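Quick note, the sequence shown lines up with residues 49 to 416 if you use this note's numbering. Even for Gly, the Cβ is constructed at its ideal location relative to N, Cα and C. These figures come from a predicted structure and were not determined experimentally.
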Amino acid sequence: MRVGVLGGGQLGRMLALAGYQLGIEFRFFDPNAGAPVGQIGQLIAAEYSDHAALERFLEGLDVVTYEFESIPVSTVRFVAERMKVFPPVKALATAQDRLLEKQLFTDLDIPTPPFAAVDQIQDLQRAAARIGLPVVLKTRRMGYDGKGQAVIRDAASLEAAWIRLAGSQLLVEKYVEFQHELSVIGVRDTAGREVFYPPIENVHREGILRKSIAPAPSVSPQLAAVATNYCQRLMNRLAYVGVFALELFSVDGELLANEMAPRVHNSGHWTIEGAETSQFENHLRAILSLPLGKAALRGSSVMFNIIGHIPPMERVMAIEGAHLHLYGKAPTEKRKVGHVTLVGPSLEDLEQGSGELRLALGLVRGDG
Ligand code: AMP
49 MRVGVLGGGQ LGRMLALAGY QLGIEFRFFD PNAGAPVGQI GQLIAAEYSD
99 HAALERFLEG LDVVTYEFES IPVSTVRFVA ERMKVFPPVK ALATAQDRLL
149 EKQLFTDLDI PTPPFAAVDQ IQDLQRAAAR IGLPVVLKTR RMGYDGKGQA
199 VIRDAASLEA AWIRLAGSQL LVEKYVEFQH ELSVIGVRDT AGREVFYPPI
249 ENVHREGILR KSIAPAPSVS PQLAAVATNY CQRLMNRLAY VGVFALELFS
299 VDGELLANEM APRVHNSGHW TIEGAETSQF ENHLRAILSL PLGKAALRGS
349 SVMFNIIGHI PPMERVMAIE GAHLHLYGKA PTEKRKVGHV TLVGPSLEDL
399 EQGSGELRLA LGLVRGDG
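This is the structure we're talking about:
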């Protein structure tokens, strides 16, 4: 079987590493000739608008998927006219626009922070008065890892935030004083069968995921059922195929949807060692119409992202239960270059290892 992957980052790399074990072959497409997947698979380096290069990419493939959320929808449509593409284009188009995403949540009765589209400064002023400060002004498109966002705490700062982000289509939403950030990862196959990993607790700093804990210690079975149900409603509405992630805020026992990702997700990296079937393998199983694998846990897991530098490998690998992954990327500030997952029988068993890992990775307060 031959799978084509649009995007050549670490998510594509981990998809391929999971697929090689099943004898699957991979071809990647990315505008960057130095993309990390070039080290492990065939890479076609061309612009996403280059139709001739896309035709070459498609030759002999069985199915195409994508690992990067900002792939132009027009590229995925071009591919979809010639080949099966999963997840469906509609999921990508919705996830690329925060307004469409929030409207979908609302349509499906999935609670989300109050929001409004902002085209003029007057829209922002009116929405801030209606929703109540603090609010977050966000670009509707191309925002990730906290980029393109401004938290506004007082009316005097509305104009400065508007000036900073104006020029893009914007959305404003209530700034939520959440207790926890959670995610749920689901998998749906071509026949509509589904598997869900248990909710994960995530720690972000500067909008970047630093740490994930699975299963989320703060989540009761009742809350987990609610989170899973939200994820399921979204996947069903989108006739989804593949791995899907829903990010949520937990506030006083309620869940509010923040955003969704139509792809394998950073908060699911722990599944490689911490679950019976990893999110990467399950994504491949789903898009290739193979039986889905169980999402059952192998104990508890804590995943730390490695950001901005390569840590001393031997120190990390000496820690009991630590599984190191490096993505073959040159470290630059704020760049995710790897991750480490600690797996053990329970979270208490992982405390010592987490402390040692924090030191080995040079983590600072706020990194989890
Ligand atoms: P996003 O790109 O929307 O996921 O935002 C990145 C991070 O910013 C989130 O993981 C939160 O930590 C924070 N954030 C985003 N939106 C809100 C909000 N409405 N209220 C509070 N924090 C937020």
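Asked                                                                                                                                                                                : Found
Are the beta-carbon atoms of leucine 219 and glutamate 249 separated by less than 8 Å?                                                                                               : no
Which residue wins for smallest C-alpha separation from lysine 186, given the options Leu140, Glu103, Pro161?                                                                        : Pro161
Which same chain residues end up closer than 7 Å to alanine 66 when comparing Cβ atoms and leaving out the 5 residues on each side of it in sequence?                                : Ser326, Phe328, Glu329, Leu332
As a quick exercise: from His99, Met351, Val299, Ser337, pick the residue whose alpha carbon is nearest that of glycine 386.                                                         : Met351
Does the ligand ZN have a heavy atom nearer than 7 Å to the CB of asparagine 306?                                                                                                    : Looking at this structure, you won't find the ligand ZN anywhere; what it does contain is the ligand AMP.
As an exercise, report each continuous alpha helix (DSSP H) stretch of at least 4 residues that is fully enclosed by the stretch 269 to 337, in chain order.                         : 269 to 285, 319 to 322, 327 to 335
Tell me whether glycine 255 counts as near the ligand AMP, meaning its Cβ is closer than 7 Å to at least one heavy atom of that ligand.                                              : yes
Report the rounded CA-to-CA distance for lysine 384 versus serine 315, giving the unit in angstroms.                                                                                 : 13 Å
What is the residue span of the beta strand (DSSP E) that serine 97 lies within?                                                                                                     : Per DSSP, serine 97 belongs to no beta strand (DSSP E) and is neither H nor E.
With 16 other CB atoms within 10 Å as the buried threshold, where does aspartate 157 fall?                                                                                           : exposed
Please classify serine 402: is it buried, with 16 or more other beta-carbons within 10 angstroms of its beta-carbon, or exposed?                                                     : buried
What are the uninterrupted segments assigned as alpha helix (DSSP H) that are 4 or more residues long and contained completely in the stretch 214 to 268, given in chain order?      : none
Measure the Cβ-Cβ separation of glycine 234 and proline 135 and say whether it is below 8 Å.                                                                                         : no
Out of Gln173, Arg201, Arg189, Ser122, point me to the one whose CA is closest to proline 182's CA.                                                                                  : Arg201
Tell me where the alpha helix (DSSP H) around phenylalanine 352 begins and ends.                                                                                                     : Note, phenylalanine 352: premise wrong, no alpha helix (DSSP H); beta strand (DSSP E) at 348 to 355.
So which of Val251, Val111, Ala139, Ala143 has the shortest CA-CA distance to lysine 132?                                                                                            : Val111
With a threshold of 16 other CB atoms inside 10 Å of the CB of lysine 195, please say whether the residue is buried or exposed.                                                      : exposed
Report the rounded CA-to-CA distance for leucine 172 versus isoleucine 335, giving the unit in angstroms.                                                                            : 41 Å
With DSSP run on the structure shown, which of helix, strand or coil describes lysine 132?                                                                                           : coil
Label valine 274 either buried or exposed according to how many other C-beta atoms from any shown protein chain fall within 10 Å of its C-beta, with 16 as the threshold for buried. : buried
Cβ-heavy atom distance between glutamine 227 and the ligand AMP below 7 Å?                                                                                                           : no
Taking the C-alpha atoms as reference points, what is the distance between valine 391 and glutamate 368?                                                                             : 9 Å
Answer yes or no: do lysine 382 and glycine 356 have a C-beta to C-beta separation smaller than 8 Å?                                                                                 : yes
Considering only residues of the same chain and omitting the five flanking positions on each side of arginine 346, which have a CB-CB separation below 6 Å?                          : Gly322
Which residue from Phe105, Gln87, Leu213, Gly301 puts its Cα closest to that of methionine 62?                                                                                       : Gln87
At a cut-off of 7 Å, would you count lysine 132 as near the ligand AMP, judging by its Cβ distance to the nearest heavy atom?                                                        : no
From this set, Pro265, Ala101, Gln227, Asn277, which residue's C-alpha is nearest phenylalanine 244's C-alpha?                                                                       : Asn277
Tell me the rounded alpha-carbon separation between proline 359 and valine 251.                                                                                                      : 20 Å
Mind the definition here: the stretch 106 to 125 touches the stretch 137 to 156 only if three or more C-beta pairs lie below 8 Å; say whether that holds.                            : yes
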